[in-house]
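Asker: Here the UniProt record's numbering is used: the first residue of the sequence shown is 1, the next is one more, and so on.
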Amino acid sequence: MSSGGLLLLLGLLTLWAELTPISGQDRPKYCYLPPAPGRCKGYFPRFYYNPASNQCLVFIYGGCQGNANRFKTKDECHRTCVASPMSQQPECGADGFIMSSGGLLLLLGLLTLWAELTPVSGQDRPKFCYLPAETGPCKAKMPRFYYNLTSNQCENFTYGGCQGNDNNFKTLDQCRYTCVEKRGVCPEKPSDIVTFCFTDCENDWKCPKNQKCCEIGCMITCRDPA
């Protein structure tokens with residue numbers, strides 16, 4: 001399912017939950033998800049709710065993907081999943097406009113679905129990044145780097161010196177900034193912004209133009225580099 005379709009489904013489910021009377025013992029459904037480090041290789045200590053022990057425990061988040069059972073502080077995890085929420089209040093934007101969580105997810109789903117159905121030039125990494133490492137027929141032993149689609153990393157290989165293909169870089173940075181990520185760093189999350197937990201990109205190459213796939217609070221979305 002596409003990100004836009006998933007957000008639409010989540011929005012409908014959230015609206016249904018908001019319109020259905022709940023007991024004070026109900027907690028968000030994502031509290032029951034297992035901890036998900038994701039595919040990236042970062043090292044970000046996070047907390048997740050363990051329903052078996054009814055406690056918030058630490059785990060290491062890799063920096064991308066994962067799920068919504070992920071909190072930056074133990075207190076945030078405890079307030080969300082351990083303590084019984086009494087009620088769910090609608091979110092209020094900076095301009096005073098009030099929208100429920102389900103309504104916001106529906107809006108985000110429609111916008112994301114529109115973006116997915118709209119052709120965007122340069123949205124994917126270069127096609128040669130998907131080629132396998134190729135030594136070539138010559139017998140030289142030249143250290144090179146290539147992008148490994150399976151691990152989403154640039155790795156070493158030995159180039160023979162002739163032929164081969166374009167998935168062949170002299171330096172790790174050259175490979176990284178061509179196939180793994182775009183140049184620049186993600187902006188810091190402003191302290192006064194309320195974020196919602198969703199993911200609309202998997203890597204920089206799912207973002208238009210020079211935007212990067214950034215973690216902002218508990219959402220992962222495309223942003224202009226800082």
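The C-beta atom is built at its ideal place from N, Cα and C for all residues, glycine as well. A quick note: this is a predicted structure, and the numbers were derived from the prediction, not measured.
Along the chain, where does the beta strand (DSSP E) containing Cys-213 start, and where does it finish?
Answerer: The residue given as residue 213 occupies position 213 in the sequence shown. Note, Cys-213: beta strand (DSSP E), 212–216.
Asker: What does a CB cutoff of less than 6 Å around Pro-35 pick up in its chain, not counting 5 residues either side in sequence?
Answerer: Residue 35 sits at position 35 when you count from the first residue of the sequence shown. Around Pro-35: Tyr-48, Phe-59.
Asker: Could you spell out where the beta strand (DSSP E) holding Gln-153 opens and where it closes?
Answerer: Looking up residue 153 in the sequence shown gives position 153. Segment 153–159, the beta strand (DSSP E) holding Gln-153.
Asker: With a threshold of 7 Å on Cβ separation, who are the neighbours of Asp-95 within its own chain once the five nearest residues in sequence on each side are excluded?
Answerer: The residue labelled residue 95 in the question sits at position 95 within the sequence shown. Unreliable placement is indicated for Asp-95, whose pLDDT of 48 sits below 50; the coordinate value is still reported in the next sentence. Answer for Asp-95: no residue qualifies.
Asker: For Thr-135, I'd like the list of residues in its chain whose CB is within less than 8 Å of its CB, leaving aside the five on either flank, ordered along the chain.
Answerer: As a first step, residue 135 is located in the sequence shown; it is residue number 135 there, counting from the start. The residues are Phe-157, Thr-158, Tyr-159, Gly-160, Gly-164.
Asker: Residues in the same chain with beta-carbon distance under 6 Å from Thr-80, minus the five sequence neighbours each way, listed in chain order, please.
Answerer: The residue labelled residue 80 in the question sits at position 80 within the sequence shown. Excluding positions up to five away in sequence, the list is empty.
Asker: Looking at the structure shown, is Cys-56 part of a helix, part of a strand, or coil, going by DSSP?
Answerer: In the sequence shown, residue 56 corresponds to position 56, counting from 1. In the structure shown, Cys-56 sits in a strand (DSSP, three-state: E or B).
Asker: Over the uninterrupted alpha helix (DSSP H) stretch that includes Cys-175, give me the two end residues.
Answerer: Residue 175 sits at position 175 when you count from the first residue of the sequence shown. Note, Cys-175: alpha helix (DSSP H), 172–175.
Asker: Between Glu-215, Pro-225, Arg-125, Cys-222, which lies nearest to Phe-44 when the distance is taken from Cα to Cα?
Answerer: On the sequence shown, position 44 is the one that residue 44 refers to. The shortest Cα separation from Phe-44 among Glu-215, Pro-225, Arg-125, Cys-222 belongs to Glu-215.
Asker: Starting from residue 239, follow the alpha helix (DSSP H) in both directions and report where the run begins and ends.
Answerer: One cannot answer for residue 239 here, as it falls past the ends of the chain, which runs 1 to 226.
Asker: For Phe-169 and Phe-128, I'd like the C-alpha separation in whole angstroms.
Answerer: Within the sequence shown, the letter at position 169 stands for residue 169. Within the sequence shown, the letter at position 128 stands for residue 128. Going by the C-alpha atoms only, they are around 12 Å apart.
Asker: Tell me whether the segment 209–223 and the segment 132–150 touch, counting them as touching only if at least three CB pairs, one residue from each stretch, are closer than 8 Å.
Answerer: They do not touch, by the three-pair rule.
Asker: Find the nearest neighbour of Pro-37 within the set Ala-68, Pro-132, Pro-28, Asp-75, judged by alpha-carbon distance.
Answerer: Start at 1 with the first residue of the sequence shown, and residue 37 comes out as number 37. Ranking Ala-68, Pro-132, Pro-28, Asp-75 by Cα distance to Pro-37 puts Ala-68 first.
Asker: Give me the Cβ distance between Gly-62 and Lys-41, rounded to the nearest whole Å; I'm assuming they're in contact under 8 Å.
Answerer: Mapped onto the sequence shown, residue 62 falls at position 62. Mapped onto the sequence shown, residue 41 falls at position 41. The pair is a contact, with the Cβ atoms about 6 Å apart (cut-off 8 Å).
Asker: Whole angstroms is fine: what's the gap from Arg-39's alpha carbon to Asp-26's?
Answerer: The sequence position of residue 39 within the sequence shown is 39, counting from 1. The sequence position of residue 26 within the sequence shown is 26, counting from 1. If you take the alpha carbons of Arg-39 and Asp-26, they lie about 31 Å apart.
Asker: For Phe-198, does the three-state DSSP call read helix, strand or coil?
Answerer: By one-based count along the sequence shown, residue 198 stands at place 198. Coil at Phe-198, not helix or strand.
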